[in-house]
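Taken in sequence, the protein lines are chains A and B.
Quick note, in my numbering, the first sequence goes up one by one and the last residue is 308.
Quick note, in my numbering, the second sequence goes up one by one and the last residue is 160.
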Amino acid sequence: MSSTDLTSTPVRPGEPGTPTGRALPGGAGAAAGPGSDAPADPLVIAGRTLRSRLLLGSGGFPSLALMAAAIEASGCELVTVALRRLPLDVGDAAADRDAGRSPSPLLDILREAGVGVLPNTAGCHTARDAVLTARLAREAFATDWIKLEVIGDEDTLLPDAPELLRAAEELVDDGFVVLPYTTDDPVLARRLQDVGCVAVMPLGAPIGSGMGIRNPYNIALVREAVEVPVVLDAGIGTASDAALAMELGCDAVMAASAVARAADPVRMAAAMRAAVQAGRLAWGAGRIPRRLHATASSPEAGLAELS
Amino acid sequence: MIRLNGEPSELDAGETVAGALAHLQLAPDAQGVAVAVDGEIVPRSRWATFALVADARVEVLTAMQGG
């Protein structure tokens, strides 16, 4: 059976079609009470255990305060950041010359929130630039983890597959824990796994487009193609997109613009949290097959004779 | 002239990376910062001794909101 019934054709009358549930550690339903992030069903990436299956981007929020509130509402434990030039205008921030100013208010807030920093290589167009940026990020943030992005097109921000694979291989060889942002191509996903990536992050639609998952069949194929965690990245527009990603078998969802640019980012963060949990539970529960014709859910026997 | 994050700076040749960071009001061991000079990473361990040449291009990078 494929990993999702989305790819199956409707069952014809008379065919069996028994739904198949999936074992979740600790039991599917019991693991997640209301408001919990299913502690018995953690996400493990490269040996790191995450209670939340939702990752957030830090970009696009109207303010850092709203970002902090959204992070808290989301329950996420990993937040992406970009590496950029330190602003030169120091203002009044540097009264204490010995301690120095904080280079990044963003980092201070993420530290206070108790979430991990996942640096990205956003804006890089070549393997060389991405590798250099990853090494700079390792210097800056003292983490080997890198969300690898190598962009091949300005209009769509789609990944440049050959450069991405080259960069991934080089970074893995250099000891990085590489999570590549990739197309929804199951063959490329497998190649990325083969060179040592600890997860793959296929796109549902172009970055920031909010178009949802344009090719759910391919996401299901990516899920089948690799053993490493699949984190749906890019394209999420609203909560139902995140739930669909999880129902397709993705291990986690990364949301950025969908939360940051929502009219109410904090409420959308809570919605994403619930959607990821719901989708995960539904995936584990096993959906019923699609049928062309109705199947009565009330007994046919015992009907009163009324005419 | 030494350029700092793309802008002309008042730094003199021979100044160290640590000196450039001090110019930016950063501590000599500032966390959350990475430095590249002329496209090459200068590791934290070399900030105190790495001397900048007259036309060095210094990039001081940190975390910004993103993806």
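No residue lacks a Cβ here, since even glycine has one placed at the ideal position from N, Cα and C.
All values reported here derive from a predicted model rather than from experimental measurement.
State buried or exposed for Gly-107 of chain B, treating a residue as buried only when at least 16 other CB atoms are found within 10 Å of its CB.
The residue labelled residue 107 of chain B in the question sits at position 14 within the second sequence. By the 10 Å Cβ count, Gly-107 of chain B comes out exposed.
Could you tell me which whole beta strand (DSSP E) segments of length 3 or greater appear in the segment 107-146 of chain A?
117-120
Enumerate, from N- to C-terminal direction, the unbroken beta strand (DSSP E) stretches of 3 or more residues contained entirely within the segment 237-284 of chain A.
253-256
Between Ile-95 of chain B and chain A, is the shortest Cβ-Cβ distance under 8 Å, so that the two count as touching?
Here residue 95 of chain B is taken as the residue at index 2 of the second sequence, counted from 1. No - not a single Cβ of chain A is within 8 Å of the one on Ile-95 of chain B.
Going by DSSP, name the residue or residues bridged to Arg-96 of chain B.
Position 3 of the second sequence, counted from the start, is the residue given in the question as residue 96 of chain B. Note: Arg-96 of chain B sits in a beta bridge opposite B:Pro-101, B:Arg-150.
Contacts around Gly-36 of chain A, its chain only, beta-carbon distance under 8 Å, and the 5 residues preceding and following it disregarded
Taking the first sequence and counting its residues from 1, one reaches residue 36 of chain A at position 35. Its pLDDT being 45, under 50, Gly-36 of chain A is placed unreliably in this model, and the coordinates cannot settle the point.
Along the chain, where does the alpha helix (DSSP H) that runs through Asp-195 of chain A open and close?
Along the first sequence, read from residue 1 onward, the residue named residue 195 of chain A stands at position 194. Residues 187-195.
Counting only Cβ pairs nearer than 8 Å, list the residues of chain B close to Glu-171 of chain A.
If you number the first sequence from 1, residue 171 of chain A lands on position 170. Within chain B, no residue has its CB atom less than 8 Å from the CB of Glu-171 of chain A, the nearest being about 14 Å off.
Going by beta-carbon coordinates alone, are Met-247 of chain A and Val-277 of chain A separated by less than 8 Å?
What you label residue 247 of chain A is simply residue 246 of the first sequence in a count that begins at 1. What you label residue 277 of chain A is simply residue 276 of the first sequence in a count that begins at 1. Yes; because the gap between Cβ atoms is below 8 Å, this pair is in contact.
Tell me which same chain residues have a C-beta within less than 7 Å of the C-beta of Asp-252 of chain A, skipping the five on either side of it?
Start at 1 with the first residue of the first sequence, and residue 252 of chain A comes out as number 251. The answer, listed in chain order, is Leu-44, Arg-54, Pro-230, Val-231, Val-232.
Within-8 Å CB hit, Ala-120 of chain B to chain A:
For the purposes of this step, residue 120 of chain B is taken as the residue at position 27 of the second sequence. Interface residue, yes.
Identify, in the order they occur along the chain, each residue of the same chain with its Cβ nearer than 8 Å to the Cβ of Thr-109 of chain B, setting aside the five sequence neighbours on each side.
Counting from 1 along the second sequence, the entry for residue 109 of chain B is found at position 16. Same-chain partners within the cutoff: Trp-140, Ala-141, Thr-142, Phe-143, Ala-144, Leu-145.
Within the 8 Å Cβ cut-off, does Leu-154 of chain B reach chain A?
In the second sequence, the residue the question calls residue 154 of chain B occupies position 61. Yes - at least one Cβ of chain A is within 8 Å of the one on Leu-154 of chain B.
Taking C-alpha atoms, which residue in A:Thr-184, A:Ser-210, A:Pro-160 lies nearest to Asn-219 of chain A?
In the first sequence, the residue the question calls residue 219 of chain A occupies position 218. If we check each option's Cα against that of Asn-219 of chain A, A:Thr-184 comes out closest.
Mark Pro-266 of chain A as exposed unless 16 or more other C-beta atoms lie within 10 angstroms of its C-beta, in which case mark it buried.
Here the question's residue 266 of chain A lines up with position 265 in the first sequence. Here Pro-266 of chain A is buried. Its C-beta has 16 or more other C-beta atoms within 10 Å.
Environment of Ile-95 of chain B [buried if 16+ CB atoms lie within 10 Å]
Locating residue 95 of chain B in the second sequence gives position 2, counting from the first residue. Ile-95 of chain B comes out buried.
List the residues that DSSP assigns as beta-bridge partners of Leu-44 of chain A.
In the first sequence, the residue the question calls residue 44 of chain A occupies position 43. Under DSSP, the beta-bridge partners assigned to Leu-44 of chain A are A:Leu-51.
Supposed close pair Ala-168 of chain A, Cys-198 of chain A - CB separation, criterion 8 Å
Start at 1 with the first residue of the first sequence, and residue 168 of chain A comes out as number 167. Start at 1 with the first residue of the first sequence, and residue 198 of chain A comes out as number 197. Rounded, the Cβ-Cβ distance is 11 Å, inconsistent with contact.
Taking 8 Å as the CB-CB cut-off, is Arg-137 of chain B touching chain A?
The residue you call residue 137 of chain B lines up with position 44 of the second sequence. Yes, its Cβ sits closer than 8 Å to a Cβ of chain A.
Would you mind working out which of A:Met-269, A:Met-68, A:Ser-241, A:Leu-249 sits nearest Ile-1 of chain A, comparing C-alpha positions?
Coverage of chain A is limited to positions 2 through 308, which leaves residue 1 of chain A absent and any answer about it impossible.
Residues bridged to Glu-133 of chain B [DSSP beta-bridge criterion]:
For the purposes of this step, residue 133 of chain B is taken as the residue at position 40 of the second sequence. According to DSSP, Glu-133 of chain B bridges with B:Val-130.
Contact check, Glu-152 of chain B vs Ala-129 of chain B under 8 Å by CB: the rounded distance?
Position 59 of the second sequence, counted from the start, is the residue given in the question as residue 152 of chain B. Position 36 of the second sequence, counted from the start, is the residue given in the question as residue 129 of chain B. The Cβ separation is near 4 Å, so the contact holds.
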